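In the numbering used here, each residue's number is its place in the sequence shown (first place is 1) plus 66.
Where a beta carbon is used, it is the ideal one built from N, C-alpha and C, also for glycine.
The structure displayed is predicted, hence computed values, not measured ones.
First the structure, in the form of structure tokens, and then the observations on it.
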Amino acid sequence: IQKMFPIRKFIFLLFLIHILFFNSSFAQKFIALDVYKCTGMKRIRFYMKDNLSFREYGSRRFFTHSITSIGDSSIVLDGNWTISLSEINKIRIGRTNSHTQALSHFLIDIGLGFFMLDSFNSLINNNSPIIKTQVIAESTIFILSGIILQRLMIKKYKINSKNRLKIIDVSP
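Here's what the structure looks like:
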């Protein structure tokens with residue numbers, strides 16, 4: 067029993083050193099998008115190695131890149147592209163989960179499959195209109211509902227006084 071007591075002290079000392087020095091040696095920065103609504107504030111966090119989809123001022127398209135490094139007022143994307151937070155106009159966030167994504171793909175596939183199956187079946191049976199208007203309408207409804215479901219799951223936030231983008235450093 068006497069020999070085990072110094073081992074416990076040594077393990078406790080290693081654990082204490084690990085907590086005091088190892089955890090505080092890494093910079094803990096993240097990009098925060100504060101969205102103010104009438105019900106309160108919602109904070110969306112982006113950490114290093116997260117994908118950030120954004121649009122710059124004067125641009126019409128969104129860029130999606132991985133965050134490599136976070137500075138004081140700028141971020142480095144994909145290791146070679148530095149952008150200031152003041153240059154970002156909009157941020158796009160995909161709120162899809164696996165169920166809604168699978169459902170939207172399933173609806174699009176059902177629409178395409180139903181159209182091709184009925185057209186192929188009409189071709190084999192020598193039916194006079196190979197492509198029926200009712201089949202076109204039903205297939206279009208399936209395909210459009212899948213596309214609309216995909217579009218509803220994407221939220222765009224314009225950076226302004228209600229939606230603020232900032233870098234937060236929580237390292238001690």
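Classify residue i: buried if its beta carbon has 16 or more other beta carbons within 10 angstroms, exposed otherwise.
{"i": "Phe120", "result": "buried"}
{"i": "Ile136", "result": "buried"}
{"i": "Gly177", "result": "buried"}
{"i": "Phe81", "result": "exposed"}
{"i": "Gly212", "result": "buried"}
{"i": "Leu79", "result": "exposed"}
Tell me which residues share the same chain as residue i and place their Cβ nearer than 6 Å to its Cβ, disregarding the 5 neighbours each side in the sequence.
{"i": "Val189", "result": "The amino acid at residue 189 is misidentified as Val; the sequence shows Leu. Cβ within range, chain order: Ile196."}
{"i": "Ser164", "result": "none"}
{"i": "Ser205", "result": "Gly177, Phe180, Phe181"}
Rounded to the nearest angstrom, what separates residue i and residue j at their Cα positions?
{"i": "Gly106", "j": "Lys221", "result": "18 Å"}
{"i": "Phe172", "j": "Asp235", "result": "42 Å"}
{"i": "Lys156", "j": "Phe181", "result": "38 Å"}
{"i": "Ile154", "j": "Gly179", "result": "41 Å"}
{"i": "Arg200", "j": "Ser185", "result": "The question names Arg, but residue 200 in the sequence shown is Gln. For Gln200 and Ser185, the distance between alpha carbons rounds to 12 Å."}
{"i": "Lys95", "j": "Arg111", "result": "10 Å"}
{"i": "Leu99", "j": "Arg109", "result": "6 Å"}
{"i": "Tyr102", "j": "Asn187", "result": "55 Å"}
Would you give the residue range spanned by the beta strand (DSSP E) that residue i belongs to?
{"i": "Thr100", "result": "Before going on, a small fix: residue 100 reads as Asp here, not Thr. Taken as a continuous stretch (DSSP letters only), the beta strand (DSSP E) holding Asp100 covers 95 to 103."}
{"i": "Val236", "result": "Here Val236 belongs to no beta strand (DSSP E), and DSSP marks it neither H nor E."}
{"i": "Arg121", "result": "117 to 122"}
{"i": "Gly160", "result": "154 to 160"}
{"i": "Ser211", "result": "Here Ser211 belongs to no beta strand (DSSP E); instead the alpha helix (DSSP H) covers 199 to 218."}
{"i": "Ile149", "result": "147 to 150"}
Excluding the 5 residues flanking residue i on each side, which residues of the same chain have their C-beta closer than 7 Å to its C-beta?
{"i": "Gly145", "result": "Thr134"}
{"i": "Ile149", "result": "Ser140, Ile141, Leu143"}
{"i": "Lys115", "result": "Ser132, Ile133"}
At which residues does the alpha helix (DSSP H) containing residue i begin and terminate?
{"i": "Arg126", "result": "Per DSSP, Arg126 belongs to no alpha helix (DSSP H) and is neither H nor E."}
{"i": "Gly177", "result": "164 to 190"}
What did DSSP end up calling residue i once you bin it into helix, strand or coil?
{"i": "Ile77", "result": "helix"}
{"i": "Ile83", "result": "helix"}
Between which residues of its own chain and residue i is the CB-CB distance below 8 Å, once the five residues before and five after are set aside?
{"i": "Ile161", "result": "What sits at residue 161 in the sequence shown is Arg, not Ile. So the list reads Met219, Ile220, Lys221, once near-sequence residues are dropped."}
{"i": "Ile209", "result": "Leu173, Ile174, Gly177, Leu178"}
{"i": "Leu118", "result": "Ile97, Phe112, Thr130, His131, Ser132, Ile133, Ile141, Leu143, Ile157"}
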